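> Just so you know, the protein sequences line up as chains A and B, in that order. Going by the working numbering, the first residue of the first sequence is number 1, and it counts up by one from there. Going by the working numbering, the first residue of the second sequence is number 1, and it counts up by one from there. Idealized CB from N, CA, C, for every residue including glycine. The structure presented is a predicted model; accordingly, all values stated were derived computationally and were not measured. Following this message is one structure expressed as structure tokens.
There are 2 protein chains.
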Amino acid sequence: MAAVPNPPESPRRAPTIKDVAERAGLGFKTVSRVLNDEPNVRPETRDRVLAAVAELGYRRNSIASSIRRSDQRTSSIGLIVEDLANPFASSLTRVVQDYARERGHLVLVGSSDGDPGQEAELVGEFGTRRVDGMILVPNGPDQSYLEEERRRGTAVVFVDRPGRGIEADTVVSENAAGVAEAVRHLALAGHTRIAYLGDFESIYTSAERLQGFRDAMAAFGGADPRHIRTGLHDPEQAHRAAAELFALDPAPTALIAGNNLITVGAVHALQDLGIRDRTAFVAFDDLELADLLRPALTVVAQDTAALGEAAARHLFERLADPAAPYRRTRVPVRFEVRSSGAIPAPGH
Amino acid sequence: MAAVPNPPESPRRAPTIKDVAERAGLGFKTVSRVLNDEPNVRPETRDRVLAAVAELGYRRNSIASSIRRSDQRTSSIGLIVEDLANPFASSLTRVVQDYARERGHLVLVGSSDGDPGQEAELVGEFGTRRVDGMILVPNGPDQSYLEEERRRGTAVVFVDRPGRGIEADTVVSENAAGVAEAVRHLALAGHTRIAYLGDFESIYTSAERLQGFRDAMAAFGGADPRHIRTGLHDPEQAHRAAAELFALDPAPTALIAGNNLITVGAVHALQDLGIRDRTAFVAFDDLELADLLRPALTVVAQDTAALGEAAARHLFERLADPAAPYRRTRVPVRFEVRSSGAIPAPGH
DNA sequence: TTGTATGCGTTATCAC
DNA sequence: GTGATAACGCATACAA
């Protein structure tokens, strides 16, 4: 930590359109016209205004502008994810931000950590700032409180899972289909004792993925109930659950992990047990180095780009037409075959 | 994509303090007093106000509030990173967001993609929305344009690398020391032919890391210039450069990758060449599954949490005291020994 | 083509 | 304690 001598300049009052008007020797309404590209301004006058703007370093105060304009729009939207540091969330955020910016909007972000209280607080803060709309990954049993925001004209879109107690535009992944494909892939390699590790069943995505697993397993004689473990919310819990699975007799010969945190714990467990090379494995969610693991990880990859773009699109379409019927979009997943899923069942 | 019947409710005008005042049978200034916890309000009156607030579902319009308040503060800050989807950036964002939120501030985010033009545009958008301050990972040869923002009272903090053409609070990693430690670690395993893959030398962090490499190598007889490759800006370029390195005679026996994108390309190259198990490797930047690779990746991990928190702290301290001397904070890196760095030199 | 009066929802000032 | 009035920076309506 080093201190630099520094001379801070006196913080000046920012110039307003009145300052610009005075400088240009015009009425401030004329300045406003130029700034908003309204017609009926002589090119010459326009130039004078722009010159004054440049000289004073004027920058519009869009905060003041939005308070007065008829639509009350702020050109900003809010995005609430569980954890911004999670690759799923950050990649979603990036896409939403790009989409918004192309339309002149900025994005306010917040992490709820899966806590309904945090979520509601963030919604409140966003509302206070009068965002034009919000996209959220909802948490908890009830999002009906969002009706109030909506009455004020705020657009609401759910992504990753639907909100509860409220109807709204929603974008989700094809969770069940993705897991079903994983099951079929493993069955093709001769596996029948396929285990599943999932998060809390109260979470929409977890429930859908588990359902996909159960339904797909039914075609192959059904899943062994002891081979299904849910309620795993971090890598450590997944690690323990996986270790317990492989202590069973008969032990599973293949494993499906329900999300990326579970994957991390599960692979660690297989590593500890020294059975990474002979246990078939498919992970839901792609991971940055998945193809560099040995065996390379076969994954059900969510299309976060499509998810984010669809959510953003829904939001802006809702802003354009508040009366349109609500829509639910399901985004296909991509089954990425690498090698871990092709490890054959013993004796197959 | 499914359409839901839906009946949208008519968007109502949001209630204002005047509505609340009328409802409570009071002057609106009294309402304002209650909302701002100002003294001189009878508890009884206060209750009447709060009741009316609840009944009407009133929510303060902080946009209107900030336009009028004397300090002009909006309780929002801006954050500009290169790519929000990058783990380094997203983890930084998360920390900044948490720090800001604890202080009642919201965070506007933007990705510059390393383009100075995008960066300046985002700064402009943030300025227009009158953010209280901005934290940025600067790009390009000149950030002096930020002086203008600062004159308006906006706090400016650089993170990851210093801005150019302007003095400001800055937080950077101990880049050179981190690479030097990697070199010493590899030298201890008997390596002398250590290669280095880096990004453009025009990037501050790249230059610092390369310098750290050169200086540390000097203690071991110096680096072979052919074993240093820079200007690698994505995994593909790093992949090719690594392949070329190991086609040399004599080929390096150890490799240091200058950032996470380069690491991905380099490990792929080692994989293709079938020399992952016998080439010592140290990566700058940690990766999610680094410990599950085989060999597990030895890394120089940046402390993104400390980086983000220091940046946020600088920002809020600057807001509290605009006249304080500028500070530059250097955040130590963590050398994470796993196995890839301990692979011995041939015949050692 | 340009300018004036008014109002947005809030905070600041000052009188009651 | 409470409330009227002005003001913030801008957009809207309308007059000139």
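So what does DSSP say about P8/A, is it helix, strand or coil?
Residue placement at P8/A cannot be trusted, given a pLDDT of 49 that sits under 50; what the coordinates show is reported in the next sentence. Of the three classes helix, strand and coil, the one that applies to P8/A here is coil, per DSSP.
> At a CB-CB cut-off below 7 Å, which residues of chain B make contact with A85/A?
Result: S90, S91, R94.
> Please classify F284/A: is it buried, with 16 or more other beta-carbons within 10 angstroms of its beta-carbon, or exposed?
Under this definition F284/A is a buried residue.
> Which chain B residues sit within Cβ distance under 9 Å of H268/A?
Per Cβ cutoff of 9 Å: D291, L292.
> Pull up the distance between the alpha-carbon of E288/A and that of V267/A, whole angstroms please.
If you take the alpha carbons of E288/A and V267/A, they lie about 15 Å apart.
> Which residues in chain B have a C-beta closer than 9 Å to the C-beta of V107/A? List them in chain order.
Under the 9 Å cutoff, chain B gives L108, V109, G110.
> Please list the segments of the alpha helix (DSSP H) lying wholly inside the stretch 57-92 of chain A, counting only runs of 4 or more residues, in order along the chain.
Qualifying alpha helix (DSSP H) stretches, in chain order: 62-68.
> Does DSSP put F335/A in a helix, a strand or coil?
Of the three classes helix, strand and coil, the one that applies to F335/A here is strand, per DSSP.
> With a threshold of 16 other CB atoms inside 10 Å of the CB of A182/B, please say whether the residue is buried or exposed.
A182/B comes out buried.
> Check whether the Cβ atoms of T230/B and R60/A lie closer than 7 Å to each other.
It is not a contact, given that the beta carbons lie outside the stated cut-off.
> Restricting to Cα atoms, I'd like to know which of R240/A, F213/A, F281/A is closest to E174/A.
Among R240/A, F213/A, F281/A, the Cα nearest to that of E174/A belongs to F213/A.
> Since A63/A meets chain B, which of its residues come closer than 7 Å, beta carbon to beta carbon?
The question names Ala, but residue 63/A in the sequence shown is Ile. Near I63/A (Cβ distances below 7 Å), the residues of chain B are I63, S66, I67, T74, R129, R130.
> To the nearest angstrom, how far is the alpha carbon of Q143/A from that of D132/A?
Taking the straight line joining both Cα atoms gives about 18 Å.
> Per the DSSP calculation, A280/A is bridged to which residue(s)?
DSSP output for A280/A lists A254/A as bridge partner(s).
> What residue range does the alpha helix (DSSP H) around A14/A cover?
First-last for A14/A: undefined, no H or E at that position.
> How big is the Cα-Cα spacing for S62/B and D169/A?
Distance between the alpha carbons of S62/B and D169/A: 27 Å.
> Can you find a CB in chain A that lies within less than 7 Å of the CB of E148/B?
With 7 Å as the cut-off, E148/B counts as an interface residue toward chain A.
> How many Å lie between A280/A and T304/A at the Cα?
For A280/A and T304/A, the distance between alpha carbons rounds to 25 Å.
> Give every residue of the same chain whose Cβ lies closer than 7 Å to the Cβ of I166/A, excluding the five residues on either side of it in the sequence, and list them in chain order.
So the qualifying residues of the chain are Q143, S144, L146, E147.
> Classify L108/A: buried if its beta carbon has 16 or more other beta carbons within 10 angstroms, exposed otherwise.
Under this definition L108/A is a buried residue.
> Report the three-state DSSP secondary structure of G308/B (helix, strand or coil).
G308/B: helix per DSSP, three-state reduction.
> Quick one: what does DSSP say S144/B is sitting in, helix, strand or coil?
Residue state, collapsed to three classes: coil.
> Given this structure, state the Cα-to-Cα distance separating A324/B from T74/A, to the nearest angstrom.
Approximately 33 Å, taken between the alpha carbons.
> Going by the CB atoms, is the gap between A14/A and R152/B shorter than 7 Å?
Yes, the Cβ-Cβ distance between R152/B and A14/A is below 7 Å.
> Could you tell me which residues DSSP puts in a beta bridge with S110/B?
For the record, residue 110/B in the displayed sequence is Gly; it is not Ser. Answer by DSSP bridge pairing, in chain order: I80/B.
> Who are the Cβ neighbours of H348/A in its own chain at under 6 Å, not counting the five residues just before and after it?
Taken in chain order, the residues that qualify are G190.
> In chain order, what residues of the same chain have a beta carbon less than 7 Å from the beta carbon of V41/A, not counting five sequence neighbours either side?
T30, R33, V34.
> G57/B versus chain A: which residues are under 7 Å apart at the beta carbon?
Those are E148, listed as they occur along chain A.
> Pick out whichever of P116/A, S340/A, R184/A, D47/A has its Cα sitting closest to the Cα of G163/A.
For the residues P116/A, S340/A, R184/A, D47/A, the minimum Cα distance to G163/A belongs to P116/A.
> Suppose you measure from the CA of Y172/A to the CA of R330/A; what does that come to, to the nearest Å?
The sequence shown places Val at residue 172/A, not Tyr. About 5 Å.
> Using 7 Å as the threshold, is the C-beta distance between E201/A and A176/A below it?
No.
> Check the Cβ of E336/A against every Cβ in chain B and list those closer than 8 Å, keeping chain order.
Chain B residues near E336/A: none, gap ~15 Å exceeds 8 Å.
> For S340/B, name the three-state secondary structure that DSSP assigns.
If DSSP states are grouped into helix, strand and coil, S340/B belongs with the helices.
> Assuming contact is defined by CB atoms lying nearer than 7 Å, are I77/A and A311/A in contact in what I supplied?
Contact flag unset, no.
> Mind reading off the beta-carbon distance from R318/B to V159/B? Whole number of angstroms is fine, and I expect it under 8 Å.
Between V159/B and R318/B the Cβ distance is about 13 Å, and since that is not below 8 Å, they are no contact.
> Does the Cβ of A52/A have 16 or more other Cβ atoms within 10 Å, making it buried, or fewer, making it exposed?
Burial call: buried.
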